[in-house]
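A.B. asks: Encoded as structure tokens, here's the structure I'll be asking about.
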Amino acid sequence: MSRAVNRADLEEVHAEFYAAFEAGDFDRMSDVWAEGPYAAGVSCVHPGWTMLRGREEVLRSWALIMANTTYIQFVLTDVETDVYGDHAVVTCKENVLTADEDTEAGFLAGGSIVATKLFVRVDGQWRLLLHHGSPVLNPADAEEE
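Using this note's numbering, you'd call the opening residue of the sequence shown number 348 and step up by one each time.
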């Protein structure tokens with residue numbers, strides 16, 4: 348398998364992670380994450396949360412988040428992809444827009460998150476093993492402190 352194919356397949360799974368989240372599609376989100384012998388090592392840190400370990404606990408968190416997210420959209424910037432054999436690291440900045448139909452204006456928040464993902468190739472398929480998101484403070488917010 349060529350390096351270009353490896354990278355294209357990886358970028359496709361990375362994009363599917365965000366597409367599944369934006370669509371609120373739990374089945375699609377589940378398909379992105381590693382399973383089988385890797386299930387116990389699956390880990391996730393949502394911004395502001397503690398570390399979640401194990402495929403079941405991580406997927407439960409995604410079900411909860413998606414059930415309580417009316418609308419979310421991501422614009423990714425600074426995407427960097429590094430492949431190391433059957434492992435890969437993808438880092439990016441997630442520029443997030445969320446909305447809530449229960450508010451008068453509709454839009455609740457916009458913000459940025461720096462994300463790191465570790466993927467593993469299992470039976471020729473890239474699967475997510477670790478996702479860590481950390482909020483980026485707005486420089487104006489930092490000056491107020």
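By construction, the Cβ of each residue, glycine as well, lies at the ideal position given by its N, Cα and C atoms. Source: prediction; values computed, not measured.
Taking just the CA atoms, how far does Met398 sit from Gly388?
C.D. replies: For the pair Gly388 and Met398, the Cα-to-Cα distance works out to about 12 Å.
A.B. asks: Between Phe364 and the rest of its own chain, which residues show a CB-CB distance below 7 Å, the 5 nearest in sequence each way excluded?
C.D. replies: Val379 and Leu475
A.B. asks: From Ala489 to Cys439, what does the alpha carbon distance come to, in whole angstroms?
C.D. replies: Only weak support exists for where Ala489 lies, its pLDDT of 48 falling under 50; the value from the coordinates is given anyway. Roughly 21 Å separates the two Cα atoms.
A.B. asks: Just to confirm my understanding: we take Gly457, look at its own chain, exclude 5 residues before and 5 after, and list those with CB closer than 8 Å. What are they?
C.D. replies: Asn442, Val443, Leu444 and Thr445
A.B. asks: Measuring alpha carbon to alpha carbon, tell me which of Pro384, Cys391, Asp374 and His434 ends up nearest Leu357.
C.D. replies: His434
A.B. asks: State the start and end residues of the unbroken alpha helix (DSSP H) segment that holds Asp425.
C.D. replies: From DSSP, Asp425 is part of no alpha helix (DSSP H) but of the beta strand (DSSP E) over Tyr418 to Tyr431.
A.B. asks: Would you please state the rounded distance, in angstroms, between the beta carbons of Gly480 and His361? I believe it to be under 8 Å.
C.D. replies: Actually they do not touch by this definition, with Cβ atoms about 14 Å apart.
A.B. asks: Trp396: buried (16+ other C-beta within 10 angstroms of its C-beta) or exposed?
C.D. replies: exposed
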